[in-house]
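Colleague: Here it is, the structure, as structure tokens.
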Amino acid sequence: MIKINKFIGPASLLALAVAAASPAIAKDYTQFGIQKDLPGTCSYEAIDAKDYSGRSLNVITHAIPVIGEPTALHAEQFAELTGAEVNVVHVPFGDLFQRIMIPFQSEQNAYDVLFYASLWIGDFNRFLEPVPQKYIDSTGMADVTDSFTGVATWNGQMIQYPMDGDRHYLKYRTDIFDNAEVQAKFLADTGSALTVPETWEDYNKVAAYFNDRDWDGDGELNYGSAEVAKRDDLMFSAFISRAAPYAKHPDVKGGFFFDLETMEPLINSPGFVRGLKLFVDAQKSFPPGGNNFGLGDEIFSFGGGQTLMSYSWDDAYVQANQADSRIRNMVAAAPLPGAGEVWNRDTGKWDTFATPNRAPYMTWGWSSAVSSMSEEQDMAFDFLCFFSNEANAKHDLQIGRFGVNPYRDEHLDVDFWKGQGWENKTAESYVSTLSDMEQSQNRVFDLRVPGVSQFMSSMANGVAEAMAGQKSAQEALDGVAKEWAEITDRIGKDRLREAYANVVKLEDNEG
Amino acid sequence: MLYGGRLPAPTNNLGKIIMLSSKHFFLLPALLTLVAIILFPLLFTVRVSFSSWDVFQSGLDFIGGSNYVRVFEDDRFWQSLQRLSLLSIISVSLQYTLGFALALAVWKQVRGGRLLRVLFLIPMMTTPVVMSVIWRTVFHESLGPVNDILSAFGIGPVPWLSSATGAFISVLIVEVWQWTPFMFLLLLAGLVSLPKEPYLAAAIDGAGTWRTFWQVTFPLMAPITIGALIIRLIEASKIMDTVYVLTSGGPGTATETSSYYIYIRGLRDFQIGYSAALSLVYLVIMIISLTIIAKLLLRMLVGRDE
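Those protein sequence lines, which keep their order, are chains A and B. Numbering that gives the first Met the number 0 numbers the first residue of the first sequence as 0 and each following residue consecutively. Numbering that gives the first Met the number 0 numbers the first residue of the second sequence as 0 and each following residue consecutively.
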């Protein structure tokens, strides 16, 4: 817990007096670690003008560094600027949900501000204060992409404050894919050209070819693919990425995980089963122990140059391109592989696509909110507005370990990333991949319904059983579908349908 | 007034009542502590287990025995219990064998005996979570030192954490490494307190080392052995932190133990009512099975039930 107190001293008063007497000169806030204060509703200057002395704010967030570190940093800055006392509690991811939910359920006003995984909106929405109109009209909010405005919205009302934008995409080594000698050898050995994988079948094939070889010539073996495959470490997101193009048909509306009308689980439909079979098959191209890789291992493996390809959040990409990385500017981004055949649940048949079907996965990510029980809501929203102001957002994006990724249109600017030392292809492929996902009409979002943890935990267990060879892909997903039906019965079909309609609206581009 | 350190016998009914009340009064602090730390949580858990408290339903409603019916139909829970039993029996047996061997080695005068005693205790004194993180690094299949060393002998890479058998053995190794010192400590204390006469008698009778061990040391150590085994079985059956950090119950469900499964259902999935039912069923099974094991050990090692 960090306690920060600020008392405006004589020096500050003197400074204020001098400032009032002088012509309008922009104040210097570089001592806070930013390059410069940027104009906006909640800029440093705007927040500096507020006085919250004698008031305190309780904030719960993730452990340091991911999101926890920027929370601590901006809490300290907010306290210095406004005189407020800001108490920050850091909690490991595995405990975060229950640490927020238990006070909510027992009606204790434990925290004013909450940072958490955005997919929990289905569980938390009852306890969150809608974002006031003046913040919705703020400069920072106006630039948030449509996807992440949608992620923050529940039943037409914005109840989460956007401060991060996450999605899964493909990352690959350009020094191998663009190498003429390697391309020629690949063609000679396999009979096909070496290209960035268009389908998951291609991905597995390329990964298998480059597995167990020292293709970067450093004397150590390299491997084909690093994936988050550890059961209780966000593996559910990796599986959704792999299954999405086979199960999300662009012409079939009304639900990806469930049939919205009947609320029958679709998780054991042929599209998901195909995705799982390919996930199981991919294990042979993992580094040793790769089927026990959590997110940290995946970042370390790809970011450290051990593997040829990977897909997950931005962290591995940013890490690979940091100044001290030995593979800096040797990586590029691309859309997640697609599928040549897509399951059509309306016709009960596989449809063939000449151009592979893509189904970009807008993978949850972090969000923030203010508790409806908070007695400091004005200050709490000011804090969130300050946290994500223009200068702070740009600062946080540049530090991989902070876990803040592009969520505003201005963040999707090639020049900004080139300014971080990224070369043309690295920056352009990154920006174009993320921008294209924003434009896609066939996106997949998380299952943002009450009890999402139960659904995802059940799915992860089924997938893990198939990955470990304990069950076939079909058997494992049949077991998951059975559990999902039981969870649906327990939580209530109508309640779930009402919540799931929010997700379907996003996926079907209706809201 | 006290007479010779004893309370006088009350002569009438009022006196008896006052006597009884004062006895209860002195028992009250202990009783209240017992209620606060044992009975209340236990009774509250029983009450919660008959509710549907989960992520959406937060009140203590009453749903009868539905959660218990669900427990008996939950294959994953019963499989985790079987896995736990196997893990506990193997790990405690190994801990006992190694702990006894080490205690015997240090019991007799050996050079550096004091240093060895301290060294043997280090694993037990470390935090399980911290040690599990270190062991996870040690067992890392592409970057860890174990496979590196084995590869120098042309072995491997061994799938320590990514195969069902490897992960089970890895958990077993960490458990044995961490808790053998506990066995060592208890058994050494027992050995030190053994009487010398039986050994003199054995020596006069010409018994060799092996015969002295089986016919003198081992029987004399039986009460300590039973205590040590039961304590360790109770502790081993609660294994959670090592599994959580080392394997997260995987690959698949290969190392998922009952405690870890209850943790997933309760704190990850937030099925509070159901996890309370799981906990109570688990508690009852543990009480019954450990009572049976204790009786069997008594009969085997001491030759009587009490």
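All C-beta atoms in this analysis are idealised placements derived from N, C-alpha and C, irrespective of residue type, glycine included. Quantities reported herein were computed from a predicted structural model and do not represent experimental measurements.
Please report how far the alpha carbon of residue 434(A) lies from the alpha carbon of residue 328(A), in whole angstroms.
Modeller: Each residue's alpha carbon lies about 20 Å from the other.
Colleague: At a CB distance below 8 Å, what residues from the region 42 to 70 of chain B approach chain A? Give them in sequence order.
Modeller: Answer set for the region 42 to 70 of chain B: 51, 53, 54, 55 and 57.
Colleague: So the candidates are 52(A), 452(A), 69(A) and 381(A); which of them puts its Cα closest to the Cα of residue 84(A)?
Modeller: That would be 52(A), whose Cα lies nearest to the Cα of residue 84(A).
Colleague: Measure from the C-beta of residue 73(B) to each C-beta in chain A and report whether the shortest distance is under 7 Å.
Modeller: It does not: the Cβ of residue 73(B) has no partner Cβ on chain A nearer than 7 Å.
Colleague: List the residues that DSSP assigns as beta-bridge partners of residue 157(A).
Modeller: Answer is 152(A).
Colleague: Looking at chain A, which residues of the region 268 to 292 of chain B have a Cβ within less than 8 Å of any of its Cβ atoms?
Modeller: Residues 268, 269 and 270.
Colleague: Assign residue 128(B) to one of two classes, buried (16 or more other C-beta atoms within 10 Å of its C-beta) or exposed (fewer than that).
Modeller: Exposed: under 16 other Cβ atoms inside 10 Å.
Colleague: Work out the CA separation of residue 286(A) and residue 389(A) for me, nearest whole Å.
Modeller: The straight-line gap from Cα to Cα measures roughly 40 Å.
Colleague: Are the CB atoms of residue 359(A) and residue 442(A) within a distance shorter than 7 Å?
Modeller: Cβ distance < 7 Å, so residue 442(A) and residue 359(A) count as in contact.
Colleague: Give me the chain B residues within the contact set of residue 288(A), using Cβ-Cβ distance strictly less than 9 Å, ordered along the chain.
Modeller: Under the 9 Å cutoff, chain B gives 138, 139, 140, 141, 142, 143, 146, 156, 158, 159, 160 and 161.
Colleague: Mark residue 503(A) as exposed unless 16 or more other C-beta atoms lie within 10 angstroms of its C-beta, in which case mark it buried.
Modeller: So residue 503(A) ends up on the buried side.
Colleague: Just to confirm the assignment, what range does the alpha helix (DSSP H) spanning residue 55(A) have?
Modeller: No alpha helix (DSSP H) contains residue 55(A), which is instead part of the beta strand (DSSP E) from 55 to 61.
Colleague: For chain B, check one thing: does any of its Cβ atoms lie closer than 7 Å to the Cβ of residue 493(A)?
Modeller: Output row for residue 493(A): interface = no.
Colleague: Establish whether the CB of residue 15(A) and some CB of chain B are separated by less than 7 Å.
Modeller: With a pLDDT of only 42 at residue 15(A), under the threshold of 50, the placement of this residue in the model should not be trusted; the figure read from the coordinates follows. It does not; no Cβ of chain B falls within 7 Å.
Colleague: Note down, in chain order, each residue of its chain lying with its Cβ closer than 6 Å to the Cβ of residue 122(B), except the 5 sequence neighbours on either side.
Modeller: For residue 122(B), where only same-chain residues beyond five positions count, the Cβ hits under 6 Å are 176, 177 and 180.
Colleague: By how many angstroms is the C-alpha of residue 172(A) removed from the C-alpha of residue 195(A)?
Modeller: Using only the alpha carbons, I get a separation of about 10 Å.
Colleague: So which residues of chain A does residue 247(B) contact, with C-beta pairs closer than 7 Å?
Modeller: Result: 229, 230, 231 and 232.
Colleague: Give the range of the alpha helix (DSSP H) segment to which residue 137(B) is assigned.
Modeller: Start and end: 127 to 137.
Colleague: Please report how far the alpha carbon of residue 3(A) lies from the alpha carbon of residue 75(A), in whole angstroms.
Modeller: Note that residue 3(A) scores 44 on pLDDT, short of 50, meaning its location in the model is unreliable; the coordinates nonetheless yield the value given after this. Cα to Cα, residue 3(A) sits roughly 6 Å from residue 75(A).
Colleague: Using 10 angstroms around the beta-carbon of residue 159(A), count the other beta-carbons present and answer buried if the total reaches 16, otherwise exposed.
Modeller: Answer is buried; the Cβ neighbour count reaches 16.
Colleague: Could you please give the first and the last residue of the uninterrupted beta strand (DSSP E) stretch that includes residue 349(A)?
Modeller: Here the beta strand (DSSP E) through residue 349(A) covers 348 to 356.
Colleague: Among residues of its own chain, excluding the 5 on either side of residue 22(A), which ones have a beta-carbon nearer than 6 Å to its beta-carbon?
Modeller: Low confidence applies to residue 22(A): its pLDDT is 43, below 50, so where it sits in the model is not reliable enough to give any reading.
Colleague: So, do the region 239 to 249 of chain A and the region 266 to 275 of chain A have three or more beta carbon pairs nearer to each other than 8 Å?
Modeller: Short answer: they touch.
Colleague: Check the DSSP bridge columns for residue 113(A) and list the partner residues they point to.
Modeller: Residue 113(A) pairs with 59(A) and 368(A).
Colleague: Look up residue 360(A) in the DSSP assignment and give the residues it is bridged to.
Modeller: Answer is 443(A).
Colleague: Are the C-beta of residue 80(B) and some C-beta of chain A separated by less than 7 Å?
Modeller: Chain A, which has no Cβ nearer than 7 Å to the Cβ of residue 80(B), makes this no.
Colleague: Beta-carbon within less than 7 Å of residue 207(A)'s beta-carbon, same chain only, minus the 5 sequence neighbours each way: which residues are those?
Modeller: Excluding positions up to five away in sequence, the list reads 223, 283 and 284.
Colleague: Could you pull out every residue in the same chain whose Cβ sits closer than 8 Å to the Cβ of residue 403(A), ignoring the five residues on either side in sequence?
Modeller: These residues qualify, in order along the chain: 66, 69, 162, 163, 365, 392, 395 and 396.
Colleague: Apply the 10 Å Cβ neighbour rule to residue 231(A) and answer buried if 16 or more other Cβ atoms are within range, or exposed otherwise.
Modeller: Classification of residue 231(A): buried, given that the 10 Å Cβ count is 16 or more.
Colleague: Measure from the alpha carbon of residue 301(A) to the alpha carbon of each residue in 487(A), 482(A), 156(A) and 226(A), then state which is nearest.
Modeller: For residue 301(A), the nearest C-alpha among the options comes from 226(A).
Colleague: Check whether the Cβ of residue 194(B) lies closer than 7 Å to any Cβ atom in chain A.
Modeller: No, no contact with chain A.
Colleague: Within 7 Å of any Cβ in chain A, is that where the Cβ of residue 251(B) sits?
Modeller: At least one chain A Cβ lies under 7 Å of residue 251(B).
Colleague: From this set, 81(A), 257(A), 307(A) and 139(A), which residue's C-alpha is nearest residue 410(A)'s C-alpha?
Modeller: The candidate whose alpha carbon is nearest that of residue 410(A) is 139(A).
Colleague: For residue 172(A), name the three-state secondary structure that DSSP assigns.
Modeller: In the structure shown, residue 172(A) sits in a strand (DSSP, three-state: E or B).
Colleague: Can you find the residues in the same chain that come closer than 6 Å, C-beta to C-beta, to residue 293(A), ignoring five residues on each side of it along the sequence?
Modeller: If we look at residue 293(A) and ignore the five residues flanking it on each side, its Cβ neighbours are 229 and 232.
Colleague: Give the interface partners of residue 490(A) over in chain B, defined as CB-CB distance under 7 Å, in chain order.
Modeller: What residue 490(A) touches in chain B: 55.
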